[in-house]
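> Below is the structure I would like to discuss, written out as C-alpha cells.
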Amino acid sequence: MKQRCIKIARSSFFCASVLIISALVLCVGLVKTVRAEEIVCIPCHSGLPEKFSAPVKLWQKSIHAENGIACNACHGGDPKDAANAMSPARGFLGVPKPADIPAFCGRCHVGVLKNFLASAHGRALGKGGPTCVTCHGNHRVLKVTLDLINEKTCSQCHTFERARKIRDAMAQTEARIVAIDNRISEFKKTGTDTEIVEKQLFSLRNGLHSLSHVLEETKLTAASTQIDADLTKIESSLNDLTSIHKIRKIAGVIVVSAMLMTALLLHLMRKTY
Ligand code: HEC
Ligand code: HEC
Ligand code: HEC
Ligand code: HEC
Ligand code: HEC
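Each residue of the sequence shown is one higher than the one before, starting from 262 at the first, in the working numbering.
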C-alpha cells in the first residue's frame, strides 16, 4: 500500500513536471513569435518599393539579424507602434550622413570607434576617407575575416600596397589562430575539456581583429608578435593534452593485453589440470 502511494506520488510529480516544462517551452515560443511581429518596421518596409525594402532583405542575412539587432537598434524609432514608428519624438534618427556613420555604429562598437577615429582613416573623415559602411556594408554586415582587406575595396582611394602591408602583418597570426581553432575542435570531438584554451584563443582573436582599424604597420607588427607568443603558450598546452592522450592510449593497450594474457593463462591451466 505504502509503495503504491509512493508510486502514484512519483508519477504525479513526473506528470506535473512535464506539464510545467511544456508550459514554459510554449511561453518561450510565444514570446519569440510575438517579438518578431512586434518590430513593425519589417512587415511595412517589406511591402515598399525597392529603395526602402532592399534593406530588409540585406539585413536578414547579417550578423546583426543573427544577434537580434533590428532596424530600430540602429535607426531608432518605435518598433511597436506602426503609426508613430518613424516619429522623431519616439527617437527616430533617420538616415545618417556619411560623416556621422562612425558615431552611429560606434554607439555599440565603442572600442572600434576609438581606434578608427585615431587612425589615418578617422582623420580623413568627411574629407574623402572611408566610413564603416565602405568596408562592412550598411545592412548586410557579416562576421569579419581578413578577406575584408582586398584589392577591390582598398584600392578605391590609394594603392593596394599600403593595405597589403596591413594584411601581411596580420595574416600569419590569423592563420595560426585558425589552425589552433581547428585543433581545439578535434579535441572537443574526443570529449576533452577545452574551455580554458578556447577562452584564451577567443580573447587573442578579438585583440588581433580590433587592431585592424589602427592601420599602423609598426603597432600591428608589435601586437602580432605579442599575440604570437601567447599562441605558442596555447599550442604547448595543446601538445600536453596530446601527450596525455597518448599515455592514456598506451596504458589502455597495456591493460587490455594483460587481461588477455591472464585469460589465456587461466584457459591453459584449466585445460592442463
Ligand atoms: C507603416 C509603414 C512603415 C513603418 C511601420 C516603418 N516605416 Fe520606415 N518608411 C516608410 C516609408 C513609406 C518610407 C519612405 C518615405 C519616407 O521617408 O517617409 C520610409 C522610410 C524609412 C527610412 C528612410 C528615411 C529617409 O530619410 O530616407 C528609414 C531609415 C526607415 N524608414 C526606418 C524605419 C524604422 C527603423 C522603422 C521601425 C522603427 C520603420 N521605418 C517603420 C514606411 C514605414
Ligand atoms: C547596423 C545598423 C543598421 C541596421 C540594423 C539597419 N540599418 Fe538601415 N541604414 C544604416 C545605415 C548606416 C544607413 C546609411 C547607409 C549609407 O549611407 O550607406 C542606412 C540606410 C537605410 C535606408 C535608406 C536607404 C537609402 O538608399 O537611402 C533605409 C530605408 C533603411 N536604412 C532602412 C532599414 C530597415 C527597414 C532596417 C531593418 C530591416 C534597417 N535599415 C536596419 C544602418 C542600419
Ligand atoms: C545597437 C548596437 C549595434 C549597432 C548600432 C551596430 N552594431 Fe555591429 N554588432 C552588434 C552586435 C551585438 C554584434 C554581434 C556580436 C559581436 O560580434 O560583437 C555586432 C557585430 C558586428 C560585426 C561583426 C563582428 C565580428 O566579430 O565579426 C561588424 C563588422 C559590425 N557589427 C559592424 C557594424 C557597423 C558597420 C555598424 C553601423 C552601420 C554597426 N555594426 C552597428 C551591435 C551593433
Ligand atoms: C574611401 C577611400 C578609402 C578607402 C576605400 C580605403 N582608404 Fe586607406 N586611406 C584613405 C585616406 C584618405 C587615407 C589618409 C590619407 C593618405 O595617407 O593618403 C588613407 C590611409 C591609409 C593607410 C596609411 C595609414 C598611415 O598612418 O599612414 C593605410 C595603411 C590604409 N589607408 C589602409 C587601407 C585599407 C587596408 C583599406 C581597405 C580595407 C583602405 N585603406 C581603404 C582612404 C581610403
Ligand atoms: C578600411 C576598411 C574598414 C573601415 C573603414 C572599418 N572597418 Fe571594421 N574591420 C575592417 C577589417 C579589415 C576588420 C578585421 C578583419 C580581420 O581582422 O579579420 C574589421 C573588423 C571589425 C570588427 C570586428 C573586430 C572587433 O574589434 O570587434 C567590427 C565590430 C568592426 N570592424 C566594425 C567597424 C565599425 C563600427 C567601423 C566604423 C567606426 C569600422 N569597422 C570601420 C575594415 C574596416
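Just so it is clear, CB atoms sit at the ideal spot from N, CA and C, and this is done for glycine as well.
1) Using C-beta distances below 8 angstroms, list every residue in its chain close to Leu-386, excluding the 5 sequence neighbours before and after it, in chain order.
2) Alpha carbon to alpha carbon, what distance is there between Ala-334 and Asn-328?
3) How many Å lie between Asp-454 and Gly-513 at the Cα?
4) Which residue's Cα is closest to the Cα of Val-371: Lys-532, Ser-471, Ile-511, Glu-456?
5) Does DSSP put Thr-414 in a helix, a strand or coil?
6) Return yes when the Cβ of His-397 is within less than 7 angstroms of the Cβ of Trp-320, no when it is not.
7) Is it the case that the segment 440-457 contacts the segment 499-510, given that we only count it when at least three CB pairs across the two stretches are under 8 angstroms?
8) Which residues in the same chain have their Cβ closer than 7 angstroms to the Cβ of Ile-488, if we skip the five residues on either side of it in sequence?
9) Using 8 angstroms for Cβ pairs, my map puts Ala-346 next to Val-301. What's the rounded Cβ distance?
10) Do you know how far the Cα of Glu-412 is from the Cα of Val-475?
11) Helix, strand or coil: how does DSSP classify Arg-401 here?
12) Should Pro-349 go down as buried or exposed, given a rule of 16 or more other Cβ atoms within 10 Å for buried?
13) Between Asp-342, Gly-337, Lys-375, which lies nearest to Phe-353 when the distance is taken from Cα to Cα?
14) Would you verify that the beta carbon of Ile-427 is, or is not, closer than 7 angstroms to some beta carbon of chain B?
15) Within the same chain, show all residues whose beta-carbon is closer than 6 angstroms to that of Gly-390, passing over the 5 residues directly before and after it, in chain order.
16) For my contact list, Ala-344 and Cys-305 are in at a C-beta cut-off of 8 angstroms; report their separation, rounded to the angstrom.
17) Using 6 angstroms as the cut-off, classify the Cβ of Leu-525 as near or not near the heavy atoms of ligand 5, replying yes or no.
18) Should Met-520 be labelled buried (16 or more other beta-carbon atoms within 10 Å of its own) or exposed?
19) Could you have a look at Gly-367 and say whether DSSP puts it in helix, strand or coil?
20) Below 8 angstroms on the Cβ atoms is my contact criterion, and I expect Ile-303 with Leu-403 to pass it. Report the Cβ-Cβ distance as a whole number of Å.
21) Distance, Cα to Cα, Asp-526 vs Val-516?
In this structure, then:
1) Counting from one through the sequence shown, the residue named residue 386 turns up at place 125. Contacts found: Ala-360, Pro-363, Leu-378, Thr-392.
2) Your numbering for residue 328 matches position 67 in the sequence shown. Your numbering for residue 334 matches position 73 in the sequence shown. If I take the Cα positions, the gap works out to 11 angstroms.
3) Indexing the sequence shown from 1 puts residue 454 at position 193. Indexing the sequence shown from 1 puts residue 513 at position 252. Asp-454 and Gly-513: Cα-Cα distance of roughly 20 angstroms.
4) Counted from its first residue, the sequence shown places residue 371 at position 110. Answer by Cα proximity: Ser-471.
5) Counted from its first residue, the sequence shown places residue 414 at position 153. Note: Thr-414 maps to helix in three-state DSSP.
6) Reading the sequence shown from its first residue, position 59 is the one you call residue 320. Reading the sequence shown from its first residue, position 136 is the one you call residue 397. Not a contact, by the Cβ cut-off of 7 angstroms.
7) The way I'd put it, the segment 499-510 does touch the segment 440-457; three or more beta-carbon pairs between them come closer than 8 angstroms.
8) Stepping through the sequence shown from its first residue, residue 488 is reached at position 227. Once the five neighbours on either side are set aside, the close Cβ partners of Ile-488 are Thr-434, Leu-465, Gly-468, Leu-469.
9) One-based indexing of the sequence shown puts residue 346 at position 85. One-based indexing of the sequence shown puts residue 301 at position 40. Indeed, because the Cβ distance is near 5 angstroms, the residues count as touching under 8 angstroms.
10) Taking the first residue of the sequence shown as position 1, residue 475 is located at position 214. Taking the first residue of the sequence shown as position 1, residue 412 is located at position 151. Looking at the two C-alpha atoms, the distance is approximately 19 angstroms.
11) Taking the sequence shown and counting its residues from 1, the one referred to as residue 401 is at position 140. Coil.
12) As a first step, residue 349 must be located in the sequence shown, where it is residue number 88. Result: exposed.
13) As a first step, residue 353 must be located in the sequence shown, where it is residue number 92. Answer by Cα proximity: Gly-337.
14) No chain B is present in this structure, which holds just one protein chain.
15) Translated into the one-based positions of the sequence shown, residue 390 becomes position 129. The residues are His-382.
16) Reading the sequence shown from its first residue, position 83 is the one you call residue 344. Reading the sequence shown from its first residue, position 44 is the one you call residue 305. No, Ala-344 and Cys-305 are not in contact; Cβ-Cβ is about 11 angstroms, not under 8 angstroms.
17) Here residue 525 is taken as the residue at index 264 of the sequence shown, counted from 1. The answer is no for Leu-525.
18) Within the sequence shown, numbered from 1, the residue matching residue 520 stands at position 259. Burial call: exposed.
19) Numbered from 1 along the sequence shown, position 106 holds the residue referred to as residue 367. Helix at Gly-367.
20) Taking the sequence shown and counting its residues from 1, one reaches residue 303 at position 42. Taking the sequence shown and counting its residues from 1, one reaches residue 403 at position 142. About 20 angstroms separates the two Cβ atoms, so there is no contact after all.
21) Here residue 526 is taken as the residue at index 265 of the sequence shown, counted from 1. Here residue 516 is taken as the residue at index 255 of the sequence shown, counted from 1. According to the sequence as given, residue 526 is Leu; it is not Asp. When rounded, the distance between both Cα atoms is 15 angstroms.
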